[in-house]
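Okay, so the sequence shown: first residue is 26 according to the working numbering, each after it adds one. Backbone N, C-alpha and C define an ideal beta-carbon position, used for all residues, glycine too. Small disclaimer: the values here were computed from a predicted structure and weren't measured.
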Amino acid sequence: MQSAAGGPPTQSASRMWRSSEGKTRIDTPQSSVISDPIAKQTIVLDHVKKEAIVIPMPPPGSPVLPPGAPPGAVAALMPPNVQVEHLGVSTIEGHQVEGKRFTLPHVPAPPKPAMPAPPDKLAMPELAVPGAKAPATPAMPKPPNAPKLPAKPSVTELWTSVKLKTPVLTKVFTAAGEQTTYCKPQETAEHPPSVFQVPPGYKIKT
26 MQSAAGGPPT QSASRMWRSS EGKTRIDTPQ SSVISDPIAK QTIVLDHVKK
76 EAIVIPMPPP GSPVLPPGAP PGAVAALMPP NVQVEHLGVS TIEGHQVEGK
126 RFTLPHVPAP PKPAMPAPPD KLAMPELAVP GAKAPATPAM PKPPNAPKLP
176 AKPSVTELWT SVKLKTPVLT KVFTAAGEQT TYCKPQETAE HPPSVFQVPP
226 GYKIKT
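Here it is in structure tokens:
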């Protein structure tokens, strides 16, 4: 990852598994995420706490809403139009890949909420004393201004292996910086089923 503010880039490593049935698993040093489209669930493994959280997958095309969200929230979560451009077929380290570019137009930030009005002396009975002057109301401090980022679209370039059906090279360009993910294929044999299951001894939560 390379921040737009400058400085040295940061790197992190992970490992991805994929079965012929479409199951995937992504390992990081302290956690793993298993996606099982057959059982329609996602399993998040916490290797520190030895816990497994099972999350049902929503139906295809349905947005994920937090509990108690209003009915109009569905329309608010719909993303703006995304432009998709096919980049053709190429080769990365002997693997045939197909490229696509996704461009998300710039979305302006929502307006800031209005600051609450200072309390009125009529709402405070202890100050309504005949002949007494109400103390001056101190000025409300102004909130700090958020840093302004340039209005630029978010662009993602995705190169997927034609044979393995997994992303090999992904580049994401946003106003905050750039992120490059490179997946180096190592194995093409089928993985054992235990790779996509909860390890023994893990506490299961739903």
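Contact check, residue i vs residue j, beta carbons under 9 angstroms
i: GLY202; j: GLN27; result: yes
i: THR181; j: THR195; result: yes
i: MET41; j: PRO62; result: no
i: LYS209; j: VAL193; result: yes
i: PHE221; j: LYS48; result: yes
i: VAL79; j: LYS230; result: yes
i: LYS228; j: LEU183; result: no
i: SER60; j: THR53; result: no
Spatial distance of residue i from residue j (CA atoms)
i: SER37; j: ASN106; result: 31 angstroms
i: PRO224; j: SER39; result: 19 angstroms
i: THR116; j: LEU189; result: 13 angstroms
i: SER57; j: THR206; result: 17 angstroms
i: HIS131; j: GLN108; result: 12 angstroms
i: PHE127; j: ILE51; result: 23 angstroms
i: GLN55; j: VAL69; result: 11 angstroms
i: SER219; j: GLU118; result: 30 angstroms
i: ALA29; j: ALA200; result: 7 angstroms
i: SER236; j: HIS120; result: Since the displayed the chain opens at 26 and closes at 231, residue 236 lies outside it and no answer follows.
i: GLN211; j: ARG43; result: 12 angstroms
i: GLY32; j: GLN204; result: 14 angstroms
i: ASP71; j: LYS65; result: 20 angstroms
i: SER45; j: PRO84; result: 22 angstroms
i: LEU129; j: THR35; result: 25 angstroms
Exposed unless 16 or more other CB atoms sit within 10 angstroms - verdict on residue i
i: VAL73; result: exposed
i: HIS111; result: exposed
i: ALA214; result: exposed
i: ARG77; result: Looking at the sequence shown, residue 77 is not Arg but Ala. Buried, by the Cβ-count rule.
i: VAL122; result: buried
i: LEU102; result: Model confidence at LEU102 stands at a pLDDT of 46, short of 50, so the residue's coordinates are unreliable; what they give is reported in the following sentence. It counts as exposed.
i: ALA94; result: With a pLDDT of only 48 at ALA94, under 50, the local geometry of the prediction cannot be trusted, and the value read off the model is given with reservation. Answer is exposed; the Cβ neighbour count stays below 16.
Cβ-heavy atom distance, residue i to the ligand ATP, below 8 angstroms
i: GLN211; result: Among the ligands in the structure shown, none appear at all, so the ligand ATP cannot be discussed.
Item to check | Ranges of the beta strand (DSSP E) found wholly within the stretch 186-216, counting only runs of at least 3 | outcome: Positions of the beta strand (DSSP E) runs, each at least 3 residues long and wholly inside the stretch 186-216, are given as 192-199 and 202-207 in order along the chain.
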